[in-house]
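From first to last, the protein sequence lines stand for chains A and B. The numbers in numbering that gives the first Met the number 0 rise by one with no breaks, and the one at position 352 of the first sequence is 351. The numbers in numbering that gives the first Met the number 0 rise by one with no breaks, and the one at position 54 of the second sequence is 53. See structure below.
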Amino acid sequence: MASEESRIEALAAAIADGKDIDWDLSESSAGSDQERAALGRLHQLEVVARAARALTARWGAFEIRSEIGSGTFGTVYRAWYAQLECEVALKLLHREHARVKEACLLAQIRHPNVVSVLGADTVAGRTGIWMELVSGQTLKTILQNQGPFGPDEAALIGRDLCRALAAVHQKQILHGDIKPQNVMREAGGRTVLMDFGAGDASLGESNDRSLAGSPAYLAPELLSGGQPTVRSDLYSLGVLLYHLVTGGFPVTASSLDSLRQAHAAGQRQLLRDARPDLPSAFLRAIDRATAADPAERPESAGALERLLEEALGVRAADQSGPVAPGNQPARPSTESSGVVTWLKWGAAAMILVSGIVATWLALSPGRPTGAIIAPGAVVRSITVAPLELHGTSAERTALAAAMTADLAASLEGPGVTVKGRALPLTGAAGDTITQASRIGADAVVQGSVSIDGETFRLDMAVVDTQSRRSIWQRSYTAISADVPSLPRVIAKDIAGVLSFGAPTAGRRPPIAVSLLAYDHFARGKQLAEQREPAPLLRGIEQFEEAIRLEPSYAPAWAGLASAWIALGVPAFGPLRPFEARGRAREAALKALDLDPELPEAHTALAFLSYFHDWNWPAADERFQRALRLNPNYAEAHHWFADYLNAMGRFDEAMAHITAACDLEPLSVLYQRDVAWHLFFQHRYPEAITQLRSALSREPTYAPAISLLGRALVANGDVVEGIAELRRLDLAKPANAAMLAYAYAAAGDRPNASAWLSRVTARETAEYVSPYSIALIEAALGHGDRAMSQLTRAFQEQDSTIVNLKVDPRFDALRGDARFTRLLAQLRFPESSPQAGQ
Amino acid sequence: MDPESSFELIERAQAGDESALGVLLARYLPRLRRWASGRLPRYAREMTDTDDLVQEALLGTFRNFDTFDNRGEWALQAYLRRAVMNRIRNELERVSTRPRVSEFPETLPSREPSPLEQAVGAELFQRYETALEELSGAEREAVIARLELGCSYQEIATLLEKPSVDAARMTVARALAKVAQAMTPTP
Chain A
0 MASEESRIEA
10 LAAAIADGKD
20 IDWDLSESSA
30 GSDQERAALG
40 RLHQLEVVAR
50 AARALTARWG
60 AFEIRSEIGS
70 GTFGTVYRAW
80 YAQLECEVAL
90 KLLHREHARV
100 KEACLLAQIR
110 HPNVVSVLGA
120 DTVAGRTGIW
130 MELVSGQTLK
140 TILQNQGPFG
150 PDEAALIGRD
160 LCRALAAVHQ
170 KQILHGDIKP
180 QNVMREAGGR
190 TVLMDFGAGD
200 ASLGESNDRS
210 LAGSPAYLAP
220 ELLSGGQPTV
230 RSDLYSLGVL
240 LYHLVTGGFP
250 VTASSLDSLR
260 QAHAAGQRQL
270 LRDARPDLPS
280 AFLRAIDRAT
290 AADPAERPES
300 AGALERLLEE
310 ALGVRAADQS
320 GPVAPGNQPA
330 RPSTESSGVV
340 TWLKWGAAAM
350 ILVSGIVATW
360 LALSPGRPTG
370 AIIAPGAVVR
380 SITVAPLELH
390 GTSAERTALA
400 AAMTADLAAS
410 LEGPGVTVKG
420 RALPLTGAAG
430 DTITQASRIG
440 ADAVVQGSVS
450 IDGETFRLDM
460 AVVDTQSRRS
470 IWQRSYTAIS
480 ADVPSLPRVI
490 AKDIAGVLSF
500 GAPTAGRRPP
510 IAVSLLAYDH
520 FARGKQLAEQ
530 REPAPLLRGI
540 EQFEEAIRLE
550 PSYAPAWAGL
560 ASAWIALGVP
570 AFGPLRPFEA
580 RGRAREAALK
590 ALDLDPELPE
600 AHTALAFLSY
610 FHDWNWPAAD
620 ERFQRALRLN
630 PNYAEAHHWF
640 ADYLNAMGRF
650 DEAMAHITAA
660 CDLEPLSVLY
670 QRDVAWHLFF
680 QHRYPEAITQ
690 LRSALSREPT
700 YAPAISLLGR
710 ALVANGDVVE
720 GIAELRRLDL
730 AKPANAAMLA
740 YAYAAAGDRP
750 NASAWLSRVT
760 ARETAEYVSP
770 YSIALIEAAL
780 GHGDRAMSQL
790 TRAFQEQDST
800 IVNLKVDPRF
810 DALRGDARFT
820 RLLAQLRFPE
830 SSPQAGQ
Chain B
0 MDPESSFELI
10 ERAQAGDESA
20 LGVLLARYLP
30 RLRRWASGRL
40 PRYAREMTDT
50 DDLVQEALLG
60 TFRNFDTFDN
70 RGEWALQAYL
80 RRAVMNRIRN
90 ELERVSTRPR
100 VSEFPETLPS
110 REPSPLEQAV
120 GAELFQRYET
130 ALEELSGAER
140 EAVIARLELG
150 CSYQEIATLL
160 EKPSVDAARM
170 TVARALAKVA
180 QAMTPTP
C-alpha cells in the first residue's frame, strides 16, 4: 500500500535523521499485521542506528572521534572542536551536573602543570567539559611498564603536582581525586594534573555526595565523613608519591570498612620499611604528607613543595653533584598503549601534510614478523611450491605463478639456496613435500591464495621436508593494491624466522606497482616461458601493457628483453635475429637504467653481447656480473654455459649448465641443453641418454627431438636419427635443414639435395639461417658452397655462427684457410677446442 | 562549487601534490576513524594506536591506488574501509603475543565483539550485517556512511553523486527501509 510505504519511508528518514521516534504510537496505529511486522523491523534497525550513532556521536559543537577512557562519572573522548580547529579531550558526564560553574573556575587556571580546561556546557541532557588533549602517558601506565620510580623522579613529580595544586587551591577549588590515573607525563616531560571529575566538592560547600576518589588515596578524615580540605588533597598526593616509589600503599585493606578500621588502628606500612634505600629528606616529606592527623600535614601545597625541594637538594649534597631541578628524570619515555596524540589542523595543516608526504614513500604494507616455532633442523635450501588458488577463476593462475616466482626470487640471499623455482602442481600437498625433498630442499614454502573481491588472503606455511612438519605458518590479508609487494614481505618474514641472512632483495628498491600492472607482468612471464612464437608475442604484449601502466617497473622491461631474445633465437623463433636484437637491447638497457642491479637485465645484455654482438669479453664480463648479483639465477647459468661452450671452455660450460639444472631440476629445457653441450664435445651416447630422459618427461618437446635426431646421426644411428627428425614439423625451414643435413651425413645424397632445395625455396618467404645451409653443403662435400654460405652467415649476422669454433659438423673444413680466416674474423679467444673421446 | 573527485585528488597526490593529499585526508580520515572505533574491539585499541593505523592505511592505499572499475566515490569508500580493516587486522596479528602451535590453527582465536556489536547484541548485529548484504554497493555504502561513519547528508550527496542534500537524505531513507525489510524477523 502506498501510504504504508510512505509511512515506512518517513520513519526510515527519521531514523536517518537521528530523530526520536515514538514506537508505541507508530506500532499501535499500524494498519495491518504486515505493517506491524515491518515497523518492528524498522524499530530494530533503529536500535542499531542509535548505537552506531552513539559511537560516532556529535555532542554540541564537538565531533566525537574516539574514546580515551571512562570512569564512574563519565567518559572522556577525543573530539574535534571545529571552532578552534583542533582536537580536544571532551569529558561527557553521565548526568547533568552543576559542574558547569566549577568548570568556569577551572577554566581560569592556566598553569603548566594543570590541564587547561577550555570550556563546559550542557547539551542534550549531558554535561561536558572540554580541555586540552595531552599527549603522553599516565603515571599509572608508566608505573606498570617500568616499575617503581626513584626518589628524585618521584620528588620532581611531587613538586610539579604541588605547584599544580597550589594554583587550583588558590581558586578555592579542591581536586579530590589525585591518583596515578589522573596524572599524565606529557611526551616532553611535563607533569600534568588531569581530571577534576571525581570530586564533587568545592571549598566551602557542603554537598551530599557519595564517596568518590579511590579509597586508598582518601585521607582518613574523609573516610569518616569529614569534609575535603586542602590537606586532604595533600594526603592524596602523598599517597601517590608513596605508591610511585613502592607500588604499594601506606594503608591498605580489602573493603571500605576495614580500611577505616585500619586507619583508626594506625596500621600502616612505613615508607622507610618498604624502601630503606630512600633518602631521609624524601621520607620526611612523604611521611608528613600522609600523616593521619591533618594538622600534622604541611599546611599548603607550597609547604609540601618546599619539603620536596629539600629532598631533591639534600640528595644532591649526598652525591656531591648538582641535581638541577629542571633535569628530566633518567627514565626514558617509552611508547605504550596509553598514548593520546595531539594533532593540530588548520593553520598547521600544510606542515603536517608535508610530514605525511615525507613518510608517504617510506611506508610499506607489510612488516617483519613474528613468532618462531620449533624450527627443528637447520634450513639451508628451500623451495617454493606453486601457490594454490582457492575459489577463483583460472584468470588468476598467472598471478599466482608470478607471486610464486617473486617469492622464490625474494628469498635469495646469503645462507640459503633456493631450488627449483616451480614445482609442478600435483594433487595433494604430500606430493609437493616429497618432490621438494627429492630435489634436495630442506624445507618447502607452501601457500594458498583466496580472493574475495578486492581482498586477497594468503595462508603461508613452511614445511620441513624431512619431518614433514610445519615449522611456520602465517596468514596475510591484503587489498589488491598491496598484493605486488606481498611476496617480498613474506620472503622477509620467512628469512627472519629461519635465520637466513637478510634477503638480497631487501636491498633493492621496493616493488611499488599496481596489481593490474603486476598481473600483466605475470601473464607475460607465463606466456614467454613457452618459447613458442605465438605465446612469446602475446607475452610481449602483456609486458608492454605492464610497462604502459608502470613505466618504471624494471622487471617488466627485463621480461620484455628476454622475450625478444627468445623470439630472435632461431631454435625458438621466426624472426631474423637482428630484428629482435634491437628491441631486446633497448628493453634491457631501460631495465638497467631503472634498476642497475637487476640480474635479469644484466643477463639479457650479456646474452646480446654473446649471441648478437659477438663481443666475447663484454659477454663474459656481464654474465659474471649477473651471477655475482644472484648466484642462484638459473637462466644466467644457462646462457653463460652456452657462451662458454662456444668459446671451447667445455669444463666450465658443463659446470654452469649443471648448476642451472641443479637449480631447476624439473626444467626440460635445461636438461636438453646439457645434451647440447655433450653433443659439441662429441659425447654422443651421453647426449642421447640425456635426451631420452628429457623426452620421457615431455615426449613432444621439439628441441629435444631435433637434437636427439642430430645426435643419433652423429653417433652413426642414422636410420633412427632420421626417423626422429621426421617427427618434427618439417614445414619449418630449420627442421627441414636438420633433416637435409642428416641425409647428407648419412650419405643419402638424393634426399639431402631434395630437402636442401625445399629449404632454399623458403628463403624468400622466411628467414633461413645461412649457417644451417652451410652445414648441409659441408656434409655434401661442397666445400666452396659451404664457405660461401658461412661468409654470408657472417655478413648477415646469423647468430648460429657463434658455434663455429666448436661445431663438430665442420670438422672437415678446419684445414681450409678460408675457414681459419673466418674464425680469426670472429675473434674467438685462443684456446683450442678440447675434443672429447 | 562541486567538491573535487577523490580519484582526481589521488592522481594529483600520486604526482606529488601535497594539498591534494591534505584534502583527501581531511575528507576520509575522520570518518574512517569514527567507523574504526565502532568496529574494532577494545583490545585492539589497547594493543596498538589504531588512529595511526587508519592514517597509515589510507596513505598506503592512496599511494598504491590504481583505478579499478570507476564506480564512484562510494566504491572508493568501501575499498578504503576494507583497506583499513585489513591493515589493522594484520597489525593486531603482528603484535599479538599468543604463542603459536605447530599444527595449522583451525580458525582465528576468539574474536572479541566490536563496541557496536556489544551495544546491540550479537544476534541483532548479525541480522543487520546480513541485511546490509542485500543492498547494492551504493545503497550499502549510503547506510554505513550515515550510521557508522557519521557522514552528513552533504557528504553523502558527494559520495553518491546526488544533486542535493534532500536527494541524499531520500536515498539514505530508502536504503534504510530496504535494510529493515531484509532483516529477518525476530525468532
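All C-beta atoms in this analysis are idealised placements derived from N, C-alpha and C, irrespective of residue type, glycine included. Predicted model only: the values in this text are computed from it and were never measured.
With contacts defined by Cβ atoms closer than 8 Å, A777 of chain A and R808 of chain A form a contacting pair. Contact between the segment 642–661 of chain A and the segment 681–689 of chain A is absent: fewer than 3 CB-CB pairs across the two stretches fall below 8 Å. In this structure, E723 of chain A and I704 of chain A form a Cβ contact; the two beta carbons are roughly 6 Å apart against a cut-off of 8 Å. The Cβ atoms of V238 of chain A and A215 of chain A lie closer than 8 Å to each other.
At a cut-off of 8 Å between beta carbons, T157 of chain B makes no contact with chain A.
Given a length threshold of 4 residues, each whole run of the alpha helix (DSSP H) inside the segment 763–790 of chain A is given here in chain order: 769–778. Among the CB atoms of chain B, none fall inside 8 Å of the CB of R621 of chain A.
Counting the other Cβ atoms within 10 Å of the Cβ of S466 of chain A gives fewer than 16, which makes it exposed. Here W556 of chain A carries a helix assignment [DSSP, helix/strand/coil]. Annotation for M182 of chain B: no alpha helix (DSSP H) segment contains it, and DSSP assigns it neither H nor E. Exposure of A730 of chain A is indicated by the presence of fewer than 16 other C-beta atoms within 10 angstroms of its C-beta. In chain order, A397, Q541 place their CB closer than 7 Å to the CB of R522 of chain A, counting only its own chain and leaving out the 5 sequence neighbours on each side. The beta-carbon distance between V673 of chain A and R696 of chain A, rounded to whole angstroms, is 13 Å. This is too long to meet the 8 Å contact definition. If you draw a straight line from the Cα of E116 of chain B to the Cα of E309 of chain A, it is about 55 Å long.
Chain order gives the chain B residues near W79 of chain A as P29, where near means a beta carbon separation below 7 Å. Contact of E453 of chain A with chain B is assigned, a C-beta pair being separated by under 8 Å. A Cβ-Cβ separation of about 14 Å leaves L44 of chain A out of contact with E26 of chain A under the 8 Å criterion.
Sequence-distant partners of F64 of chain B (beyond 5 residues in either direction) whose C-beta falls short of 6 Å from its own C-beta, in its chain, are I9. Where R473 of chain A is concerned, there is no enclosing alpha helix (DSSP H), although the beta strand (DSSP E) around it starts and stops at 469–478. Shown here is that no member of the segment 519–541 of chain A has a Cβ falling below 8 Å from a Cβ of chain B.
Counting along the chain, M459 of chain A sits inside the beta strand (DSSP E) bounded by residues 454–463. In the three-state DSSP reduction, H174 of chain A falls in the coil class, being neither helix nor strand. For the pair R158 of chain A and E298 of chain A, the CB atoms are not nearer than the 8 Å cut-off. B:A179 is the residue among B:D16, B:A179, B:E17, B:R32 whose C-alpha sits nearest the C-alpha of T129 of chain B. When the alpha-carbon of E220 of chain A is set against those of A:R748, A:R259, A:T251, A:T190, the nearest one is in A:R259. Annotation: L677 of chain A to F639 of chain A spans about 16 Å, alpha carbon to alpha carbon.
Here the C-alpha atom of A51 of chain A lies approximately 15 Å from the C-alpha atom of R139 of chain B. W613 of chain A places its beta carbon less than 8 Å from that of V801 of chain A.
By the Cβ criterion, the segment 164–174 of chain A is not in contact with the segment 143–155 of chain A, since fewer than three pairs of Cβ atoms, one from each stretch, lie closer than 8 Å. Burial is judged here by how many other beta carbons sit within 10 angstroms of a residue's own beta carbon; D451 of chain A has fewer than 16 and is exposed. If you draw a straight line from the Cα of A273 of chain A to the Cα of V244 of chain A, it is about 9 Å long. By the C-beta density criterion, G558 of chain A is buried, having at least 16 other C-beta atoms within 10 angstroms. Y80 of chain A is bridged by DSSP to A:F61, A:C85. The way I'd put it, the segment 587–595 of chain A doesn't touch the segment 617–627 of chain A; fewer than three beta-carbon pairs between them come closer than 8 Å. Using a Cβ-Cβ cut-off of 8 Å, V47 of chain A counts as an interface residue toward chain B, since at least one Cβ of chain B sits closer than that to its own. For A121 of chain B, the number of other beta carbons within 10 angstroms of its own is below 16, and it is reported as exposed.
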